Structure formats: structure tokens, C-alpha cells
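Down below is the structure, laid out as C-alpha cells.
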Amino acid sequence: MIAATDLPGLGIAGQTPRELFAAVPERIWLALVVIVFGVIVAFLVGVVSRRLLTRAGVPEAIEGTTFERTARKFDTSTVRIVGKLSTYFIVAVAVLFALTVAEIRYFDLFWSEFVAFVPRLFVGILVLIVGIIVGDKAELLVVERLRGVKFPEVGVIPTLVKYSVVYVAVLIALGQVGVQTLALVVLLAAYSFAMVVLTALAIKDLLAAGAAGIFLLLRQPYGIGDEVRVAEQRGIVQEIDLFVTHIETDTGEHVLPNHVVFRTGIVLIRS
Amino acid sequence: MASLTSHLAELVEDADAVLLFSPTASFHDRFADDDADVVVVAPDNDVNADPFVELPVPFRDIRDRIRFGLEGSAAADLVTEGDEVVCVVGVFEGEPDAVIRVTVDETAQSGIYGLFTDSRADPEVIRDVLEVAIELGKKGQKGKPVGALFVVGDAGKVMSKSRSLSYNPFEKSHVHVGDPIVNVMLKEFSRLDGAFVISDSGKIVSAYRYLEPGAEGVDIPKGLGARHMAGGAITQDTNATAVVLSESDGLVRAFKAGRLVLELDPEEY
Chain A
3 MIAATDLPGL GIAGQTPREL FAAVPERIWL ALVVIVFGVI VAFLVGVVSR RLLTRAGVPE
63 AIEGTTFERT ARKFDTSTVR IVGKLSTYFI VAVAVLFALT VAEIRYFDLF WSEFVAFVPR
123 LFVGILVLIV GIIVGDKAEL LVVERLRGVK FPEVGVIPTL VKYSVVYVAV LIALGQVGVQ
183 TLALVVLLAA YSFAMVVLTA LAIKDLLAAG AAGIFLLLRQ PYGIGDEVRV AEQRGIVQEI
243 DLFVTHIETD TGEHVLPNHV VFRTGIVLIR S
Chain B
-9 MASLTSHLAE LVEDADAVLL FSPTASFHDR FADDDADVVV VAPDNDVNAD PFVELPVPFR
51 DIRDRIRFGL EGSAAADLVT EGDEVVCVVG VFEGEPDAVI RVTVDETAQS GIYGLFTDSR
111 ADPEVIRDVL EVAIELGKKG QKGKPVGALF VVGDAGKVMS KSRSLSYNPF EKSHVHVGDP
171 IVNVMLKEFS RLDGAFVISD SGKIVSAYRY LEPGAEGVDI PKGLGARHMA GGAITQDTNA
231 TAVVLSESDG LVRAFKAGRL VLELDPEEY
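First to last, the protein sequences are chains A and B.
When the first sequence is numbered by my numbering, its final residue is 273 and no position is left out of the sequence of numbers.
When the second sequence is numbered by my numbering, its final residue is 259 and no position is left out of the sequence of numbers.
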């Protein structure tokens, strides 16, 4: 006040905001404070989440995935997108909270639904991003694993893995937002059922051989160098692994699946 | 006046093939539209070259390295008897710095390539065993030089042609060469007498084996001891490969079919 009388030019300026302050209802001010506070918190959360994700090694883990590369093309990164997303989410919550504080009644009905919807939208988008990245990553891992296999047909498998993961992510995201997904779930169930049944059928023998192999490796009824007779083959055991036993006879090296060894029994020949 | 370039040009004239040993990508690209066949010989196919011969051990002896490259190329029908081959190798560290011209002579096969690829055991297993032997030769057991005998591949036959000197420490265990922890274990067990028997896939079948092969007609250099003789002889009787670390001169030698195929000095690796 003393400063205002000393400087008459500022005296008028000081007076005007004071009137303005009085003219606007208190709760509007409160709402403004909430918004400012929300924006600050949102910014901080964005920065912290970005740091946390970086510290957790997320950028290295998702290096080279399609999503990350697309993000890079737009001069941003996945971590930054997730950070931004959390920022926007908190800003949105702050704005809604401010509107509630300001008691803008005529929006009530609309807002109450919207308020419930925002977190779900946020989670949906997050699930979608995570799903796409995990799908990309799974594809890369499978490609790496299959590098030694030189069949062109093998290229289908990584893509299949990727889209399976993305499909599930889309389902969850849609479910979050509240879209009817029953048909898609049925499709998924049919797909996974077919996968399980076909895979089980295809690797039935491998499973049996593996189970027998575990017993053979643990108990070692016969070892490398023993002379044995298995399934009409008499020879020297050359190698035992989880799935097969190599037996060298005079005519050649027989590779017998372990479940055959197990089923027919082993004759140890001691000379 | 003729310059140095024209004097040395005949070194690479009319070459049928070029062997590039561990070239950089840009160096390899320079040969892309050459008349001669370009074969890359390297530990890893970094340059995605098509005719590629994998070098399992970075042989320090240039002759071994070139022999390996030549025999590998011959096995893949990239070069044939009588071809003139120019080898670009790095004698000192890093960049290729030497050009060597050789004529392919199939009668003078040393078997160094076959040691890895034609053995019963997997090439990686033979490489791992060589690495263990080299490391053992370098460090010894508690500072003292040690000897060791590894018989790799055809383990069934080797086991039936040998007997146990004592209880087998590897009985009912499932350890493979190449695991770092196993290499330490092998070093500890190297003080035991007898041979290590390793299967085709690298499983350590037994230690403490006394080999009983027939030693007739084994052609190994005179002056090598009983360990080398036993190692050489077992490879003649079976399809195994023997890797022997000499206690007296510290060299690692590989035998196949009763013949000395490779000799390495651990100190150079």
C-alpha cells in the first residue's frame, strides 16, 4: 500500500486487479488454482515417468521395434509418448476437477459420464501402445531365434506371433473403452483353441520322447559307451539327449526317439 | 623407369580367386565387381558375403590361416586344383596388410579344415576344446605347465576302447564343454591322469580314462611322448579327434586318423 501511494501510476493498476478479483466468484479462482496445480503436477509426472522408464531400461528393450522406429520418424520416442500421455491424463483430470469445483451445473450429466470415461480411455491407449510394442518385440525375438532356419515359409511365424499379441491388446483396449467385444473374444478363443490342439497334435511324439528322456537322463540306466540292444538294434551308445538316443551299430548310427527306447526296453550287454 | 606397382602387379595377375581374411565391409565392397571369385574367410560373416568360410579359431600362424581358407574353399568347390589364389590377410593386428599368392595343390592337404568340418564332433565342440587346451597351456595349473589329453567325438567307441583308472568324476553329470564354469572344472581336473572323453555334442563323458588303442602304423613325429602316442593312436582306431596339450613343450596339437593335423602355440593366443 505504501508502495502504491509512492508511485501513483501503479496505484491505479493495483486497484484494478483487486476489483477484478472481487468481481469473479471465489470458486472460479479455486478452479484456476486447481488447473495450474494440475498442469504443474502433470508436467512433473511426465518428466518423472520418462526418467523412470529410461532408468528401467525400456528404450534399450524396445530398440528396433516398428513402433519405436515410427515414433523416431516423427522425432519423438515411445518413452516420450508415454510420458506425454500421462501428462495429458493428469491435465484432463485437473480440468475436470476444476470444472467440478467451479460448479458449472449444466454440464453435470455429460461430465459425470466423461469423468468415468477418461481413465478408461487412458488405460486403453496405454494397453494398446504396450501391446503393439510387446508384439513388435516378440516378432523380433522370434526372428532372431529362427535366423538359422533358412526356409522362406518361416517368415510367417514371427508375423503371426506379432499380430496375436496385438490382437489381444486391441481386445483389452476395446474392452476398457467399453466397446462390445464378444465376437472378437469368441474369435480369439477359437483361434487359441485351434493353436493348442494343433500344437499338441504336432508335438505329441516330442513330448513323449522328452518325458522319457528326462527319466533316462536322471537315472541313466545306460550311458555313453555301453553296449545295448534296443528295438532290435544292437550297438554302442554314442549319445543321449533329451529327445533321442544315438546307437551305433555295424550298419550305421541309429537315432532312436527316447519313448521308443522306453517302450521297448533296454538290454544291457556285458561282455 | 618401372615403378614398384608394376613390379608387384604380377603378384596378383590372372588370379582365379581372391581370399579376403576378415575384411571390413568397405574393403569387401571394393572387390564387388571383380572378375575373380571373392571368398571371405572370417570368424563371423559381418559383411554378408556369399562365398563365406567360417574361421573357427583365429589362427595366428598365417600359413595355418591360409591353409584353412584354401581347404575350406576347395571343400565348397570355390577353387580347384591348380588355381592361382591371391590371399589378402592381416599379418599384424587390424587391417589386411599382406598379399600372398598361392597355387591350390590338393595333394598337399593338411586336413586343417577337415579337422573341424569332417569330424564326427560338431565344429563348435572342437573349437571349444581347442580353446580350453590353449587356455590351459597359457596359464597351466597353479603356474606349473600341465599336460592334457582330450578325445573328442565317437565317444561310444572311445569308451569301449579304454578303461577307467579311477571313479569317473563326470558320471551322471550333464556338463558340456564351452560353458565357462565347465572350463574351470576341466582345468581343475587336468591334474588327473588319463584322458578326457567328450561326445559328439560336447558332453563330457568321462575323465580318468586309460586309452587302449592299437598303436600300429601311427605316424606321429618322433620325440613326442606317451600322451601324444595314445592320442594319435585312438584317432586311428576310432573316428575321434584328439587334442593334446604337451606338458614338456606347452604346444597344443590336434590329431585325426592317426595323423598330426594342427600345432598351435598357446602363448600366441
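Idealized CB from N, CA, C, for every residue including glycine.
For clarity, every value in this text was computed on a predicted model and none was experimentally measured.
Between residue i and residue j, is the Cβ-Cβ spacing less than 9 Å?
{"i": "Ala216(B)", "j": "Ile224(B)", "result": "no"}
{"i": "Leu155(B)", "j": "Tyr198(B)", "result": "yes"}
{"i": "Ser152(B)", "j": "Glu121(B)", "result": "no"}
{"i": "Val79(B)", "j": "Arg50(B)", "result": "no"}
{"i": "Gly126(A)", "j": "Leu176(A)", "result": "yes"}
{"i": "Val84(A)", "j": "Leu128(A)", "result": "yes"}
{"i": "Ala123(B)", "j": "Ser189(B)", "result": "no"}
{"i": "Glu74(B)", "j": "Asp6(B)", "result": "yes"}
{"i": "Gly59(B)", "j": "Leu9(B)", "result": "yes"}
{"i": "Val167(B)", "j": "Val119(B)", "result": "yes"}
{"i": "Val2(B)", "j": "Arg91(B)", "result": "yes"}
{"i": "Pro159(B)", "j": "Leu139(B)", "result": "no"}
{"i": "Pro33(B)", "j": "Ser12(B)", "result": "yes"}
{"i": "Leu142(A)", "j": "Val172(A)", "result": "no"}
{"i": "Gly240(B)", "j": "Asp227(B)", "result": "no"}
{"i": "Val188(A)", "j": "Ala100(A)", "result": "no"}
{"i": "Val141(B)", "j": "Gly221(B)", "result": "yes"}
{"i": "Gly143(B)", "j": "Arg117(B)", "result": "no"}
State the DSSP-derived secondary structure class of residue i, mapped to helix, strand or coil.
{"i": "Lys134(B)", "result": "strand"}
{"i": "Gly237(A)", "result": "strand"}
{"i": "Asp8(A)", "result": "Bear in mind that a pLDDT of 47 at Asp8(A), under 50, signals an unreliable position, so the number given afterwards is only what the model happens to contain. Reduced to three states, the DSSP call for Asp8(A) is helix."}
{"i": "Ala197(B)", "result": "strand"}
{"i": "Thr70(B)", "result": "coil"}
{"i": "Glu172(A)", "result": "Reading off the sequence shown, one finds Val at residue 172(A), where the question assumed Glu. Helix, per DSSP."}
{"i": "Ile268(A)", "result": "strand"}
{"i": "Met3(A)", "result": "The predicted model places Met3(A) with a pLDDT of 43, which falls under 50 and marks its position as unreliable, so this point remains unresolved."}
{"i": "Phe76(A)", "result": "coil"}
{"i": "Pro121(A)", "result": "helix"}
{"i": "Val47(A)", "result": "helix"}
{"i": "Leu9(B)", "result": "strand"}
{"i": "His(-3)(B)", "result": "helix"}
{"i": "Phe21(B)", "result": "coil"}
{"i": "Ile205(A)", "result": "coil"}
{"i": "Ser194(A)", "result": "helix"}
{"i": "Gly13(A)", "result": "With a pLDDT of 47 at Gly13(A), under the threshold of 50, the modelled position of that residue is not reliable, and no figure is offered here."}
{"i": "Ile102(B)", "result": "helix"}
{"i": "Glu3(B)", "result": "coil"}
{"i": "Thr18(A)", "result": "helix"}
{"i": "Glu83(B)", "result": "coil"}
{"i": "Arg217(B)", "result": "helix"}
{"i": "Ser191(B)", "result": "coil"}
{"i": "Val132(A)", "result": "helix"}
{"i": "Gly59(B)", "result": "helix"}
{"i": "Phe153(A)", "result": "coil"}
{"i": "Glu258(B)", "result": "helix"}
{"i": "Asp36(B)", "result": "coil"}
{"i": "Gln178(A)", "result": "helix"}
{"i": "Val26(A)", "result": "coil"}
{"i": "Val145(A)", "result": "helix"}
{"i": "Arg52(A)", "result": "helix"}
{"i": "Ser180(B)", "result": "coil"}
{"i": "Ala104(A)", "result": "coil"}
Can you tell me which residues form a DSSP beta bridge with residue i?
{"i": "Arg243(B)", "result": "Val234(B) and Glu253(B)"}
{"i": "Phe42(B)", "result": "Val30(B)"}
{"i": "Pro223(A)", "result": "Its beta-bridge partners do not exist; DSSP assigns none."}
{"i": "Val84(A)", "result": "Val84(A) pairs with nothing; no bridge assigned."}
{"i": "Asp209(B)", "result": "Arg249(B)"}
{"i": "Ile1(A)", "result": "Nothing in the structure corresponds to residue 1(A), since chain A is present only between 3 and 273."}
{"i": "Ala185(B)", "result": "Arg199(B)"}
{"i": "Thr228(B)", "result": "Partner(s): none; Thr228(B) has no beta bridge."}
{"i": "Pro259(A)", "result": "Val246(A)"}
{"i": "Val167(A)", "result": "Val167(A) is not bridged to any residue."}
{"i": "Ile90(B)", "result": "Cys77(B)"}
{"i": "Val230(A)", "result": "Gly237(A) and Leu270(A)"}
Three-pair Cβ contact test at 8 Å for the region 234 to 253 of chain A versus the region 183 to 191 of chain A: no
The region 56 to 67 of chain A / the region 134 to 146 of chain A touching (three or more Cβ pairs under 8 Å): yes
Cβ pair count under 8 Å reaching 3, the region 233 to 247 of chain B against the region 34 to 46 of chain B: no
The region 44 to 63 of chain A contacting the region 90 to 99 of chain A, beta-carbon criterion three pairs below 8 Å: yes
Touching by the beta-carbon criterion (3+ pairs, under 8 Å), the region 156 to 167 of chain B and the region 130 to 138 of chain B: no
3 or more residues per run - each beta strand (DSSP E) lying fully within the region 104 to 174 of chain B: 138 to 142 and 152 to 154
Stretch-stretch touch, CB-based, cutoff 8 Å, three pairs: the region 251 to 269 of chain A with the region 207 to 215 of chain B: no
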